[in-house]
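Protein sequences appear in the order of chains A and B.
The numbering of the first sequence is the numbering used here, which starts it at 1166 and goes up by one.
The numbering of the second sequence is the numbering used here, which starts it at 1166 and goes up by one.
Data first, discussion second: the structure below is written as structure tokens.
Number of protein chains: 2
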Amino acid sequence: MKTCLDCIPCIFKQMLRAGRIVGLDDDKIKCLLDETADLIPALKMTSTPPEVGRIIYGRLRQLTGNDDPYREIKTQSTRQALKLYPYLKETVASSPDPLLSAIRVAIAGNVIDFGVYDKIDLESSLERVLEQPFAVCDYETFVARLKRAERVIYIGDNAGETVFDRVLIEEIDKPTTYVVREQPVINDAVYDDAVHAGLDKVADIISSGTTAPGTVLDTCSDHFLEMLGEAEFIIAKGQGNYEALSAAPYPIFFMLMAKCPVIAEHMGVKQDDIVLKTIN
Amino acid sequence: MKTCLDCIPCIFKQMLRAGRIVGLDDDKIKCLLDETADLIPALKMTSTPPEVGRIIYGRLRQLTGNDDPYREIKTQSTRQALKLYPYLKETVASSPDPLLSAIRVAIAGNVIDFGVYDKIDLESSLERVLEQPFAVCDYETFVARLKRAERVIYIGDNAGETVFDRVLIEEIDKPTTYVVREQPVINDAVYDDAVHAGLDKVADIISSGTTAPGTVLDTCSDHFLEMLGEAEFIIAKGQGNYEALSAAPYPIFFMLMAKCPVIAEHMGVKQDDIVLKTIN
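See below:
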């Protein structure tokens, strides 16, 4: 998915939000917006949004002098999600279709996105998503392909959402590789965040190699690219992974909440719709 | 009112909207956004938003090669408003307090703002504002001061809204000077737009001298500044005039719909509230 003109105001909105979330003062935020402005003329509209995100959130790290400015937010999100874990497990166990219920749970966790929101009401979002109809639901294909697959590659998104992913991985109950970002970017999960969510108990955790807030293939490790090339069954969570992988030649199931209007339009759904969609 | 950090993403959003409204192709809109980005590092956060607007909408005129790219939109807005004119007059005449009703009508016209909206539903907005409670309503002071005033200075805002202003001017029924912008900027009313609305029949029409989308005093003519200095009773319509004049030493009544969250916060009201507020 390419960056579009509507992404440009949104880039500034994200940098303003990011500056405030990580506690920069107004002068430093103005510097951050000035530096963002410097990047606009060179911005290639053929890049995917996470490629752009990789650059601008890299500048945020430089300006804060902090390699992981969302660390505290990520820890809090994971802690909050872990408190919900027994309830999530109970919800899935008592559902007439536990696998579909676990997919809903995993999508509900996708609300923990500090690239999009300032504040997150996790519990009310969870209630909504557990009831909300899917706008796209390739569930039959999901079930059929999952049956044949020996291993699941599960590309994660945000810290805290990781706990919701764990519920789905446990429900799927197959050998799973859980994929995280190489370096902290926004509140995306890195290795430690996945471990805090207990994912090391249910999956192998590897890094894709990217420092972008999405699986930008050009920036991924050879090891991960080989794994993708051989994969039978891939789950990719969230908007950043969809933006980066929507044209990739792999058997991917995207699971997300379409929080951004541009992504919603690209998927042919409405903003805030929930989606389980396969390509290839 | 000063430009704040939240104005920066909004400037890009406005330029994107403006480029689309005036029919630029995507490459030209990207140029417009690039040029807007060039201005950001030099942007003084002590400027008022209309001072910034004067510069960026000036660039839009250059890029379109059109001195009045909103001309057709303004003509349509005025035509649509003139169709509503008999209904507006009837609404005011049949009200228990015709003057207050005419103020509501004038504020309802403030929805015709192509700096904020892509599309405008004039009739439903009118119905809403005619019923909506005021968030601030300095009506008693308005009535008392109006009684003593010999002349009203009425600083207009957008084309089409001019027709709604005419209804209030007719209800006030005092000698009135209606003030327009010197040059076209967004869909703000200039001399011809005021005449199309029939304001020449009920007021003297003068230009403030500014080319900004708001009454930026530094850019106004000496003649207009003298008039302001001597005025007993001033009405200033819309957000741009509030942003430019909120700290001015004149007896102004602001009438507007608080469409922008930053202005709403500055006025101590909620977004979309309606306001009749005096200063000094």
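Think of the CB as a built atom: it goes at the ideal place given N, C-alpha and C, for glycine as much as any other residue.
| Item | Value |
| --- | --- |
| Nearest by alpha-carbon distance to E1335/A: which of K1366/A, R1346/A, L1170/A is it? | K1366/A |
| Decide if E1395/B is buried, meaning its Cβ has at least 16 other Cβ atoms within 10 Å, or exposed. | exposed |
| Tell me whether T1376/B is buried or exposed, calling it buried when 16 or more other Cβ atoms sit within 10 Å of its Cβ. | buried |
| Is the distance from the Cβ of T1201/A to the Cβ of I1221/A below 9 Å? | yes |
| Which full runs of the beta strand (DSSP E) of 3+ residues lie inside the segment 1386 to 1445 of chain A, going along the chain? | 1399 to 1402, 1417 to 1422, 1439 to 1444 |
| Our contact map puts H1361/B next to T1243/B with C-beta atoms below 8 Å; I'd like the distance itself, whole angstroms only. | 5 Å |
| Any idea what DSSP makes of D1369/B, helix, strand or coil? | strand |
| With a threshold of 8 Å, are at least 3 pairs of Cβ atoms found where one atom belongs to the segment 1204 to 1221 of chain A and the other to the segment 1391 to 1408 of chain A? | yes |
| Spatial neighbours of R1293/A within its chain, please: CB distance less than 7 Å, with the 5 preceding and 5 following residues excluded, ordered by chain position. | none |
| Going along chain B in order, which residues have a C-beta closer than 7 Å to the C-beta of F1177/A? | I1173, P1174, F1177 |
| Short of 7 Å Cβ to Cβ, which residues in the segment 1188 to 1208 of chain B face chain A? | D1191, I1194, K1195, L1198, D1199, A1202, I1205, P1206 |
| Check this for me: beta carbons of F1398/A and R1331/A, under 9 Å apart or not? | no |
| If you draw a straight line from the C-alpha of C1302/B to the C-alpha of L1421/B, how long is it? | 11 Å |
| Go through its chain and collect everything with a Cβ distance to L1333/B's Cβ below 7 Å, but skip five positions before and after it. | A1267, I1268, V1270, A1271 |
| Are the C-beta atoms of M1210/B and some chain A residue less than 9 Å apart? | yes |
| Taking the beta carbon of Y1343/B as the centre, do at least 16 other beta carbons fall within 10 Å, making it buried, or is it exposed? | buried |
| Would you call D1338/B buried or exposed, if buried means 16 or more other Cβ atoms sit within 10 Å of its Cβ? | exposed |
| By Cβ distance below 6 Å, which residues in the same chain neighbour P1426/B in space, the five residues on each side in sequence not counted? | Q1436 |
| What's the call for G1184/B, buried or exposed, on a 16-neighbour Cβ count within 10 Å? | buried |
| Which of the three DSSP states is assigned to A1359/B in this structure? | helix |
| Residues of chain B with a CB under 9 Å from the CB of L1181/A: which are they? | L1170, D1171, I1173, P1174 |
| Applying the criterion that 16 or more other CB atoms from any shown protein chain within 10 Å of the CB defines a buried residue, is N1275/A buried or exposed? | buried |
| Using 9 Å as the threshold, is the C-beta distance between Y1304/A and L1265/A below it? | yes |
| Within 10 Å of its beta-carbon, does A1354/A have 16 or more other beta-carbons around it, so buried, or fewer, so exposed? | buried |
| Flag this pair as yes or no: are the beta carbons of G1379/B and E1408/B separated by less than 9 Å? | yes |
| Between L1204/A and M1180/A, which are expected to be in contact by the criterion C-beta below 8 Å, what is the C-beta distance as a whole number of angstroms? | Wrong, their Cβ atoms sit about 10 Å apart, outside the cutoff. |
| Since T1447/B sits in a beta bridge, which residues does DSSP pair it with? | Residue 1447/B lies beyond the stretch modelled for chain B, which goes from 1166 to 1445, so this question has no answer here. |
| Flag this pair as yes or no: are the beta carbons of S1386/B and V1345/B separated by less than 9 Å? | no |
| In the DSSP output, which residue or residues are listed as bridge partners for D1303/A? | Per DSSP, none; premise fails for D1303/A. |
| Which residue from D1171/A, H1388/A, R1219/A, L1208/A puts its Cα closest to that of V1381/A? | R1219/A |
| Is N1352/B helix, strand or coil by DSSP? | coil |
| I'd like to know whether the C-beta atoms of A1300/B and M1432/B end up nearer to each other than 9 Å. | yes |
| Check N1231/B in the structure and name its three-state DSSP category. | coil |
| With distances taken from CA atoms, which of A1258/A, L1249/A, F1418/A, L1295/A is nearest Y1307/A? | Note that residue 1307/A corresponds to Phe in the displayed sequence, not to Tyr. The shortest Cα separation from F1307/A among A1258/A, L1249/A, F1418/A, L1295/A belongs to F1418/A. |
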